[in-house]
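As given, the protein sequences belong to chains A and B, one line each in that order.
Residue numbering for the first sequence is 75 to 293, as defined by the numbering used here.
Residue numbering for the second sequence is 75 to 293, as defined by the numbering used here.
Just so it is clear, CB atoms sit at the ideal spot from N, CA and C, and this is done for glycine as well.
What follows is a single structure, written as structure tokens, with notes after it.
There are 2 protein chains.
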Amino acid sequence: MATGTSTGTTVTAAEVAARIREAISSGDLVPNQRLVEADLAEAYGASRGHVRTALGELTVEGLVERIQNRGARVRSVPLEEALEIVEVRAALEALCAARAAERITDDQAEELRAIGRAMEAAVRDRDQSAYARGNTDLHGMLIRVSGQRTAAATIDRLRAQAVRFQYRLSARPGRSQQSLPEHLAIIEAVCARDPEGAARAMRAHLASVSEAIVESTRD
Amino acid sequence: MATGTSTGTTVTAAEVAARIREAISSGDLVPNQRLVEADLAEAYGASRGHVRTALGELTVEGLVERIQNRGARVRSVPLEEALEIVEVRAALEALCAARAAERITDDQAEELRAIGRAMEAAVRDRDQSAYARGNTDLHGMLIRVSGQRTAAATIDRLRAQAVRFQYRLSARPGRSQQSLPEHLAIIEAVCARDPEGAARAMRAHLASVSEAIVESTRD
DNA sequence: TGTGACAAAATTGGTGACAATCCAGGCCAT
DNA sequence: ATGGCCTGGATTGTCACCAATTTTGTCACA
Chain A
75 MATGTSTGTT VTAAEVAARI REAISSGDLV PNQRLVEADL AEAYGASRGH
125 VRTALGELTV EGLVERIQNR GARVRSVPLE EALEIVEVRA ALEALCAARA
175 AERITDDQAE ELRAIGRAME AAVRDRDQSA YARGNTDLHG MLIRVSGQRT
225 AAATIDRLRA QAVRFQYRLS ARPGRSQQSL PEHLAIIEAV CARDPEGAAR
275 AMRAHLASVS EAIVESTRD
Chain B
75 MATGTSTGTT VTAAEVAARI REAISSGDLV PNQRLVEADL AEAYGASRGH
125 VRTALGELTV EGLVERIQNR GARVRSVPLE EALEIVEVRA ALEALCAARA
175 AERITDDQAE ELRAIGRAME AAVRDRDQSA YARGNTDLHG MLIRVSGQRT
225 AAATIDRLRA QAVRFQYRLS ARPGRSQQSL PEHLAIIEAV CARDPEGAAR
275 AMRAHLASVS EAIVESTRD
């Protein structure tokens, strides 16, 4: 149990929201889990009022579901919606990849290739966590290089909602072997300053993610 | 001044949020305008607490900007960000157009063509408001037919933020002559069940919107 | 054993009061 | 004049309290 820092300093609503977001991302809080205001207030050392506004924020973000007089729960995202989210992400990340391909500097290209090499090594060594790290590094760097902050914010919000499926996926044996060449293709296209190719490669990658999600839920 | 319905019924936070959203969309509240909690509470007949939570929601949605101890203002979206928003919308609406092209029924296709004819007529008659209505009808219908609710929600949120630029644009003389053929091209591609063509036409349309926005701010 | 009614506990919703903070304007010294 | 400083008013932030509602537990009765 993640206990709140028992310092006397007041914990603001934004901080509570961040903690809950974190807890949902890490799987500490699972879908449909009830979020009792008093409990959260105690756990994080915040007042109930702050917890309330934090839950309000998270509701707008789509991470939490609130029912009048019945309290808040971690929202459970159905498979169908998760696939929609991946489709939207595909469109947005393809945009980012294309822009990144237009704007990338030589130094950044080298950095990107280094990420690619790290991912290859991770697959060779069967190091799941290193591969996952490379994965987030890659997507994160493309978004950063693209300079599209609006798209970045949207992608982050959507990814947070679909986190449950992300999990199942990366836990799947052999998934990295499948996705590695897709990732390398993205890197190649971006480093070659080929926007159209980068977008295509990114869409292909996320189409594969979509398929894999469907398969991973067949059990 | 839109006064609150002076009924004794309590006005909920969600309702206040809706009213403020509406006021921003319609231009009743302009960028950087201060939103004083007590005033809003009085105007809408709600308690200050409800106004507060409404402002919290709108802040997460990006319509309102809040500074600690300094209150809330209508967020002013800079040109640069508005262009980003249009780019993101292009990616998302292209996705919707493509899906709509895959899923549209014959009846819906006829409805879509009717919208196209109405827009042609509006341009012929120089009826600005009819054209604007056709415009929203068209985009709305494509999104509805596409069945992409996640994308739809995201588009709505983004469009609400960029509403100021939308205005200047449709007020511009000759804008409809420029955009009409683009709209017709989208309709044609969707009705021809050509997803790739529909996406391309939509991207072309929004690229033109982007250019027009840049031009409309050169004054 | 199961079911419905009812009371008690738990939880959320809402409001008012008060504290903290910011802002405008006046005032004084330089 | 100009700049620093103070004070009063306006506004926001926070909390404690109570009302409303839901949920849980118990018990009588079929």
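Quiz item: At what residues does the beta strand (DSSP E) containing residue 145 of chain A begin and finish?
Solution: For the purposes of this step, residue 145 of chain A is taken as the residue at position 71 of the first sequence. Taken as a continuous stretch (DSSP letters only), the beta strand (DSSP E) holding residue 145 of chain A covers 145-148.
Quiz item: How should residue 148 of chain B be labelled, buried or exposed, when 16 other C-beta atoms within 10 angstroms of its C-beta is the threshold for buried?
Solution: The sequence position of residue 148 of chain B within the second sequence is 74, counting from 1. Buried, by the Cβ-count rule.
Quiz item: What's the gap between the Cα of residue 264 of chain B and the Cα of residue 271 of chain B?
Solution: The residue given as residue 264 of chain B occupies position 190 in the second sequence. The residue given as residue 271 of chain B occupies position 197 in the second sequence. About 8 Å.
Quiz prompt | Residue-chain proximity (residue 77 of chain B, chain A), Cβ-Cβ < 8 Å | solution = To locate residue 77 of chain B, count along the second sequence from 1; it is residue 3. Model confidence at residue 77 of chain B stands at a pLDDT of 42, short of 50, so the residue's coordinates are unreliable; what they give is reported in the following sentence. Answer no: the Cβ-Cβ gap between residue 77 of chain B and chain A never drops below 8 Å.
Quiz item: What is the DSSP secondary structure of residue 125 of chain B, reduced to helix, strand or coil?
Solution: Working through the second sequence from its first residue, we reach residue 125 of chain B at position 51. If DSSP states are grouped into helix, strand and coil, residue 125 of chain B belongs with the helices.
Quiz prompt | is_contact[residue 283 of chain B, chain A] using C-beta, thresh 8 Å | solution = Counting from 1 along the second sequence, the entry for residue 283 of chain B is found at position 209. No, residue 283 of chain B lies away from the interface with chain A (no Cβ there is under 8 Å from its Cβ).
Quiz prompt | Boundaries (first-last residue) of the beta strand (DSSP E) holding residue 246 of chain B | solution = Within the second sequence, the letter at position 172 stands for residue 246 of chain B. Per DSSP, residue 246 of chain B belongs to no beta strand (DSSP E) and is neither H nor E.
Quiz item: Contact check, residue 281 of chain A vs residue 151 of chain A under 8 Å by CB: the rounded distance?
Solution: Counting from one through the first sequence, the residue named residue 281 of chain A turns up at place 207. Counting from one through the first sequence, the residue named residue 151 of chain A turns up at place 77. Incorrect: roughly 19 Å between the Cβ atoms, too far for contact.
Exercise. Kindly list, in the order they appear in chain A, the residues whose Cβ is closer than 9 Å to that of residue 130 of chain B.
Key: Locating residue 130 of chain B in the second sequence gives position 56, counting from the first residue. Correct list: 87, 127, 130, 131 and 134.
Quiz item: Tell me, which residues are paired with residue 141 of chain A by DSSP?
Solution: By 1-based counting over the first sequence, the position of residue 141 of chain A is 67. Bridge partners of residue 141 of chain A: A:145.
Quiz item: For residue 99 of chain B versus residue 206 of chain B, is the C-beta distance shorter than 8 Å?
Solution: Position 25 of the second sequence, counting from 1, holds the residue named residue 99 of chain B. Position 132 of the second sequence, counting from 1, holds the residue named residue 206 of chain B. Contact: no.
Quiz item: How many Å lie between residue 278 of chain A and residue 104 of chain B at the Cα?
Solution: Within the first sequence, the letter at position 204 stands for residue 278 of chain A. Within the second sequence, the letter at position 30 stands for residue 104 of chain B. In a straight line, the C-alpha of residue 278 of chain A is about 42 Å away from that of residue 104 of chain B.
Quiz item: Do you know how far the Cα of residue 175 of chain A is from the Cα of residue 135 of chain A?
Solution: Locating residue 135 of chain A in the first sequence gives position 61, counting from the first residue. Locating residue 175 of chain A in the first sequence gives position 101, counting from the first residue. If I take the Cα positions, the gap works out to 30 Å.
Quiz item: According to the neighbour-count rule (16 or more other Cβ atoms, all chains shown, within 10 Å of its Cβ), is residue 321 of chain B buried or exposed?
Solution: A question about residue 321 of chain B goes unanswered here, because the residues of chain B that appear run from 75 up to 293.
Quiz item: With a cut-off of 8 Å, does the C-beta of residue 162 of chain A fall near any C-beta of chain B?
Solution: Sequence index remark: in the first sequence, residue 162 of chain A carries index 88 (1-based). So yes, residue 162 of chain A belongs to the interface.
Quiz item: From what residue to what residue does the alpha helix (DSSP H) around residue 282 of chain A run?
Solution: Taking the first residue of the first sequence as position 1, residue 282 of chain A is located at position 208. Segment 269-290, the alpha helix (DSSP H) holding residue 282 of chain A.
Quiz item: So, is residue 179 of chain A buried or exposed, given that buried needs 16 or more other C-beta atoms within 10 angstroms?
Solution: Within the first sequence, the letter at position 105 stands for residue 179 of chain A. By the 10 Å Cβ count, residue 179 of chain A comes out exposed.
Practice problem: With DSSP as the reference, please indicate the residues paired to residue 109 of chain B in a beta bridge. | Solution: On the second sequence, residue 109 of chain B is found 35 positions in, with the first residue counted as 1. Bridge partners of residue 109 of chain B: B:146.
Quiz item: Run through DSSP, which three-state label would residue 99 of chain B get?
Solution: As a position in the second sequence, residue 99 of chain B is number 25, starting the count at 1. Of the three classes helix, strand and coil, the one that applies to residue 99 of chain B here is helix, per DSSP.
Quiz item: Going by alpha carbons, who is nearest to residue 84 of chain B out of B:94, B:125 and B:102?
Solution: If you number the second sequence from 1, residue 84 of chain B lands on position 10. Proximity to residue 84 of chain B across B:94, B:125 and B:102 peaks at B:125, based on C-alpha coordinates.
Quiz item: Can a CB atom of chain B be found closer than 8 Å to the CB of residue 224 of chain A?
Solution: For this step, residue 224 of chain A is matched to residue 150 along the first sequence. It does; some Cβ of chain B falls within 8 Å.
Quiz item: Name the chain B residues that come within less than 8 Å of residue 94 of chain A, Cβ to Cβ?
Solution: As a working mapping, residue 94 of chain A is identified with position 20 in the first sequence. Going along chain B, no residue has its Cβ under 8 Å from residue 94 of chain A, so there is no contact; the nearest lies around 14 Å.
Practice problem: Could you tell me how far apart the beta carbons of residue 162 of chain A and residue 228 of chain B are, in whole angstroms, since I believe they sit closer than 8 Å? | Solution: Walking along the first sequence from the start, residue 162 of chain A turns up at place 88. Walking along the second sequence from the start, residue 228 of chain B turns up at place 154. Yes, residue 162 of chain A and residue 228 of chain B are in contact; Cβ-Cβ is about 7 Å, under 8 Å.
Quiz item: If you measure beta-carbon to beta-carbon, which residues of the region 225-249 of chain A are closer than 8 Å to chain B?
Solution: So the list reads 225, 228 and 232, given in the order they occur along the chain.
Quiz item: To the nearest angstrom, how far is it from the Cα of residue 214 of chain A to the Cα of residue 256 of chain B?
Solution: One-based indexing of the first sequence puts residue 214 of chain A at position 140. One-based indexing of the second sequence puts residue 256 of chain B at position 182. Distance between the alpha carbons of residue 214 of chain A and residue 256 of chain B is about 34 Å.
Quiz prompt | Between the CA atoms of residue 173 of chain A and residue 93 of chain A - distance to the nearest angstrom | solution = Stepping through the first sequence from its first residue, residue 93 of chain A is reached at position 19. Stepping through the first sequence from its first residue, residue 173 of chain A is reached at position 99. Computed Cα separation, rounded: 33 Å.
Quiz item: If we count the other Cβ atoms within 10 Å of its Cβ and call it buried at 16 or more, is residue 144 of chain A buried or exposed?
Solution: To locate residue 144 of chain A, count along the first sequence from 1; it is residue 70. Per the 10 Å Cβ criterion, exposed.
Practice problem: Report the three-state DSSP secondary structure of residue 200 of chain A (helix, strand or coil). | Solution: What you label residue 200 of chain A is simply residue 126 of the first sequence in a count that begins at 1. Correct three-state label for residue 200 of chain A: coil.
Self-check item: Of the residues B:91, B:109, B:261 and B:285, the one placed nearest residue 190 of chain B, counting alpha carbons only
Solution: The residue you call residue 190 of chain B lines up with position 116 of the second sequence. Minimum Cα distance to residue 190 of chain B is reached at B:261.
Quiz item: Run through DSSP, which three-state label would residue 85 of chain A get?
Solution: Taking the first residue of the first sequence as 1, we reach residue 85 of chain A at position 11. Three-state DSSP puts residue 85 of chain A in coil, outside helix and strand.
Practice problem: Please state whether DSSP places residue 293 of chain B in a helix, a strand or coil. | Solution: Translated into positions along the second sequence, residue 293 of chain B becomes position 219. For residue 293 of chain B, the secondary structure class from DSSP, reduced to helix, strand or coil, is coil.
Self-check item: Segment limits, alpha helix (DSSP H) that includes residue 235 of chain A
Solution: If you number the first sequence from 1, residue 235 of chain A lands on position 161. Element bounds for residue 235 of chain A: 223-235.
Practice problem: Can you tell me which of the three DSSP states residue 175 of chain A falls into? | Solution: For this step, residue 175 of chain A is matched to residue 101 along the first sequence. If DSSP states are grouped into helix, strand and coil, residue 175 of chain A belongs with the helices.
Exercise. Grab me the residues of residue 169 of chain A's own chain with a C-beta within less than 8 Å of its C-beta, minus the 5 sequence neighbours each way, in chain order.
Key: Stepping through the first sequence from its first residue, residue 169 of chain A is reached at position 95. Hits under 8 Å: 220, 222, 225 and 273.
Quiz item: If we ignore side chains and look at the alpha-carbon of each, how far apart do residue 101 of chain A and residue 238 of chain A end up?
Solution: Position 27 of the first sequence, counted from the first residue, corresponds to residue 101 of chain A. Position 164 of the first sequence, counted from the first residue, corresponds to residue 238 of chain A. In a straight line, the C-alpha of residue 101 of chain A is about 8 Å away from that of residue 238 of chain A.
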